[in-house]
Amino acid sequence: MTTLRIGDTAPDFTQDSSQGPIHFYEWAGDSWVILFSHPADFTPVCTTELGRTAALSSEFAKRGVKPIAISVDPADKHKQWIDDINETQSTTVDFPILADPDRKIAALYDLIHPNASTTATVRSVYWIDPSKKIRATLTYPASTGRNFDEIVRVIDSLQLTDNHKVATPADWKDGDDVVILPSLQDPAEIAQRFPKGYKAVKPYLRLTPQPNK
């Protein structure tokens, strides 16, 4: 198995899904992608997670993000499971769930951790940018459901810091103050980039209002 790290290129693949065959790169296009794995169909925690993803559909869309899930079960089971998800979570699953009975994607994305389980995938998340680079990763055990507020928060941080010379501090949320990068030292450029000014807590810790707000 390949261990994928931040900055690596996300592997391409063609695989069946609840919405038919998907060629990953073609499906992703120029969008950001959230790829997240599930241990199995018809499991309670996964059902709540996929329902939450569907409920966040408009939030993902306005950020130019396409979510895509993966489970090692076949596509026909995914379709049956989606009916349960829609019923129990009062939502409509409008994103694909990849079928991976041959464990092809699980191997490409290192989703089976043998010391946890030799068959079930862990709860991994990959944030993938439009150039197909992995920008962030997160892995939980099968017993722990993911925090989808955090998944959206990371997207907001990545998109903000790609476009401005800032970083986001601990517990940052969209709209909070951000940190000016220490590498930015030219006073004229700082004034141009951050017209609202900044507070220098320390020379290396300079807080400024979020520049795109």
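Mapped onto the numbering used here, the consecutive letters of the sequence shown carry residue numbers 324 to 536. Quick reminder that beta carbons are idealized off the backbone N, C-alpha and C, glycines included.
- Residue burial is scored here from C-beta neighbours: THR337 has fewer than 16 other C-beta atoms within 10 angstroms and is therefore classed as exposed.
- Two segments are said to touch when three or more pairs of C-beta atoms, one from each, lie closer than 8 Å; by this definition the stretch 412-431 does not touch the stretch 450-469.
- Scanning the stretch 419-478 for uninterrupted alpha helix (DSSP H) segments of 4 residues or longer gives 427-431, listed from N- to C-terminal end.
- In the same chain as PHE471, and ignoring 5 residues on each side of it, the C-beta atoms closer than 8 Å to its own belong to GLU372, ARG375, THR376, LEU379, in chain order.
- Distances from the alpha-carbon of PHE418 to those of SER341, HIS346, THR467, ALA363 put SER341 closest.
- In the three-state reduction of the DSSP assignment, LYS496 falls in the coil class.
- Under DSSP, VAL501 shares a beta bridge with THR531.
- DSSP places VAL524 outside any alpha helix (DSSP H); the residue lies instead in the beta strand (DSSP E), whose first and last residues are 522-525.
- Here GLY498 has GLN533, LYS536 as same chain residues with Cβ atoms under 8 Å from its own Cβ, once five neighbours each way along the sequence are excluded.
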